[in-house]
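Residues in the sequence shown are numbered from 268 upward in steps of one, following my numbering.
Where a beta carbon is used, it is the ideal one built from N, C-alpha and C, also for glycine.
Keep in mind the model is a prediction, meaning the values are calculated, not measured.
To keep things clear, I will list the structure first and then write my remarks on it.
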Amino acid sequence: MLVFWDQRLAFLATPKTGSTAIAAALESLATVSVQRPPVLKHTTVHRYRRFVGPYLQAASKEDFTVVALMREPRDWLGSWYRYRQREDTDPERSTRGISFDEFVRAWCSDTQPEFAAVGSQGKFLRPRQGQGLDRLFRYEDIDGFVAFLEDRLGCEIILPRLNVSPVGMTGLSAETEALLREVAVEDYALYATLS
């Protein structure tokens with residue numbers, strides 16, 4: 268999470284949407300940068316609106332624009348799957364020796380095994396009640412997001428390539444694809460609203 272005080276802007280770091288690269292490029296410009304632990308770095312919309320936002324509003328007497336990125340749901344799961352293929356991943360969270368199809372089916376199950384317990388973008392980005400995000404950008408249109416930031420922050424931004432998931436096979440059977448669209452219906456619906 269990054270907070271830009273003078274610009275009244277807060278960036279929420281949706282997992283697996285380039286947040287590490289964005290933080291590396293913008294941390295020096297931010298008034299507040301929360302990078303560790305992951306539970307704070309990846310503060311959800313609900314937690315921001317309940318805890319952080321009211322504090323910032325009380326201190327500044329102004330509202331902050333809250334922004335985030337969202338990735339296409341299947342691609343987002345593919346990034347998690349490939350990320351957990353790395354050799355340094357905790358064995359219980361590792362997806363080594365597991366196909367992407369098996370990973371997605373496990374993610375879709377009622378009781379997710381540890382290797383598939385990665386949450387959902389819908390839950391991360393959705394407020395439980397009240398106000399949500401002010402702007403949500405497609406990860407696939409990172410250039411549009413960078414242009415927005417350049418305009419708000421008044422500087423050129425060049426994003427480094429950091430924390431990139433390794434290359435891997437992410438094919439799905441037709442049945443698993445249909446199951447994913449059924450289980451992740453909220454994620455797909457939210458993603459479809461983004462232009």
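C-alpha gap between Gln274 and Ala290, whole angstroms: As a first step, residue 274 is located in the sequence shown; it is residue number 7 there, counting from the start. As a first step, residue 290 is located in the sequence shown; it is residue number 23 there, counting from the start. Using only the alpha carbons, I get a separation of about 16 Å.
Assess, as a yes-or-no matter, whether the region 383-392 is touched by the region 321-330 under the definition of 3 or more beta carbon pairs within less than 8 Å. Three or more Cβ pairs closer than 8 Å define a contact, and the region 321-330 falls short of that threshold against the region 383-392.
At a cut of 8 Å, does the region 418-426 reach the region 306-320 through at least three beta carbon pairs? Look at the beta carbons and you see the region 418-426 not touching the region 306-320: under three pairs across the two are nearer than 8 Å.
Using DSSP bridges, identify the partner residues of Leu403. Taking the sequence shown and counting its residues from 1, one reaches residue 403 at position 136. Leu403 pairs with Ala335.
Looking at the strands, I want to know which residues DSSP matches up with Val270. Your numbering for residue 270 matches position 3 in the sequence shown. DSSP, once it has assigned bridges, lists Ala277 and Val299 as partnering Val270.
Thinking C-beta only, is Val385 closer than 9 Å to Leu420? Here residue 420 corresponds to residue number 153 of the sequence shown, with the count starting at 1. Here residue 385 corresponds to residue number 118 of the sequence shown, with the count starting at 1. No, they are not a contact pair.
Beta-carbon contacts of Arg349 that lie in its chain and below 6 Å, excluding the five residues immediately before and after: Walking along the sequence shown from the start, residue 349 turns up at place 82. A distance below 6 Å between beta-carbons, with the five flanking residues on each side excluded, links Arg349 to the following residues of its chain, in chain order: Ser432, Pro433 and Gly435.
With 16 other CB atoms within 10 Å as the buried threshold, where does Asp368 fall? Start at 1 with the first residue of the sequence shown, and residue 368 comes out as number 101. That one is buried.
Is Asp357 helix, strand or coil when you go by DSSP? Residue mapping note: residue 357 aligns to position 90 of the sequence shown, counting from 1. Three-state result, Asp357: coil.
For Phe382 and Ile365, which I take to be in contact (beta-carbon distance under 8 Å), what is that distance rounded to the nearest angstrom? Numbered from 1 along the sequence shown, position 115 holds the residue referred to as residue 382. Numbered from 1 along the sequence shown, position 98 holds the residue referred to as residue 365. Sure, about 7 Å apart at Cβ, within 8 Å.
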